[in-house]
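Q: In our numbering, the protein residues as written are 346 to 438.
1) Between the beta-carbon of residue 393 and the beta-carbon of residue 407, is there less than 8 Å?
2) Indicate whether residue 389 and residue 379 have their beta-carbon atoms separated by less than 8 Å.
3) Please report the distance separating the alpha-carbon of residue 346 from that of residue 415.
4) Quick one: using the 10 Å Cβ neighbour count with 16 as the cut-off for buried, is residue 421 buried or exposed?
5) Throw me the rounded Cβ distance for the residue 382 and residue 353 pair, which I believe falls under 8 Å.
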């Protein structure tokens, strides 16, 4: 599972940055950024490096799962589909 795109999105939203601005700073198109953020493409090393500088985190941040996140994913993998839908709707509030 590639999590780097999801982390880019989380950092972008945390910094209240629009996708157009982020894509411009990463020197990629907004379409490509969307594909990365939605896990449909894995960002290149060049994009990871630029994102690390942009958000002031080490490049390894995009490649590693924290222990709490790893544990949450494990718990979620054991949920029924209806429970996953309920949980995701709660998280979007």
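A virtual CB, placed ideally from N, CA and C, is assigned to each residue, including glycine. Keep in mind it's a predicted model, so treat the numbers as computed, not measured.
A: On the basis of the coordinates in this document:
1) Counted from its first residue, the chain shown places residue 393 at position 48. Counted from its first residue, the chain shown places residue 407 at position 62. Cβ atoms of residue 393 and residue 407: closer than 8 Å.
2) Counting from one through the chain shown, the residue named residue 389 turns up at place 44. Counting from one through the chain shown, the residue named residue 379 turns up at place 34. No.
3) On the chain shown, residue 346 is found 1 positions in, with the first residue counted as 1. On the chain shown, residue 415 is found 70 positions in, with the first residue counted as 1. Since pLDDT at residue 346 reaches only 46, below the 50 mark, its modelled position is unreliable, and the value read off the structure follows with that caveat. Rounded to whole angstroms, the separation of the alpha carbons of residue 415 and residue 346 is 12 Å.
4) Along the chain shown, read from residue 1 onward, the residue named residue 421 stands at position 76. By the neighbour-count definition (other C-beta atoms within 10 Å, threshold 16), residue 421 is an exposed residue.
5) As a position in the chain shown, residue 382 is number 37, starting the count at 1. As a position in the chain shown, residue 353 is number 8, starting the count at 1. Approximately 6 Å separates the beta-carbon atoms of residue 382 and residue 353; this is inside 8 Å, confirming the contact.
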